[in-house]
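First residue of the sequence shown: 106, per the working numbering; consecutive thereafter.
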Amino acid sequence: MGRNLTPVSDTRETVAVTSAHSVLSGQILLLDTTGSAFTITLPANGKIGDRINLIDAAGNCDTNKVTVDRNGHKIANLAENLDFDIKNASLELIYTGSAYGWSILSN
């Protein structure tokens, strides 16, 4: 019995970010805080299943953190912004709806 696997292409946009940025659902952010700390703002109108990836591409988030502005939604079921401040870290957020907001899918 054979099985066929169909490759899935990832059509999400990858963006290099070095200053304040308003995130669009589906974006993969390559963060570079070499110059200074900055804030990224999550979408105001997320849809269940929307994903966003944050990657400390330059390895400087421990020195100059990125503040993730929740834009009115919870992050990890908390009504507060998130400090992304771990060197070389990556983080994937998924929108779970208005009750719980953005959940951490992987880090």
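Even glycine gets a Cβ: it sits at the ideal position worked out from N, Cα and C.
Taking 8 Å as the limit between beta carbons, can you name the residues of its chain near residue i, skipping five residues before and five after?
i	result
Glu-185	Arg-175
Leu-147	Val-128, Ile-157, Val-173, Asp-174, Arg-175, Asn-176, His-178, Ile-180, Leu-198, Trp-207
How many angstroms separate the CA atom of residue i from the CA atom of residue j?
i	j	result
Gly-151	Arg-108	36 Å
Ser-130	Gly-154	10 Å
Buried or exposed: which applies to residue i, given that a residue is buried once 16 or more other Cβ atoms fall within 10 Å of its Cβ?
i	result
Asn-165	buried
Val-120	exposed
What residue does the beta strand (DSSP E) around residue i start on, and which one ends it?
i	result
Arg-117	Counting along the chain, Arg-117 falls outside any beta strand (DSSP E), and DSSP gives it neither H nor E.
Val-173	171-174
Tyr-205	Element bounds for Tyr-205: n/a, residue is neither H nor E.
Arg-156	156-161
Thr-146	143-146
Output needed for residue i: all residues of its chain with C-beta closer than 6 Å, excluding positions within five of it in sequence on either side, in chain order.
i	result
Asn-182	Tyr-205
DSSP state of residue i, grouped into three classes?
i	result
Ile-191	coil
Report all residues from its chain with a CB closer than 7 Å to the CB of residue i; omit the five preceding and five following residues, and keep chain order.
i	result
Lys-192	Asp-161, Gly-164, Cys-166, Asp-167
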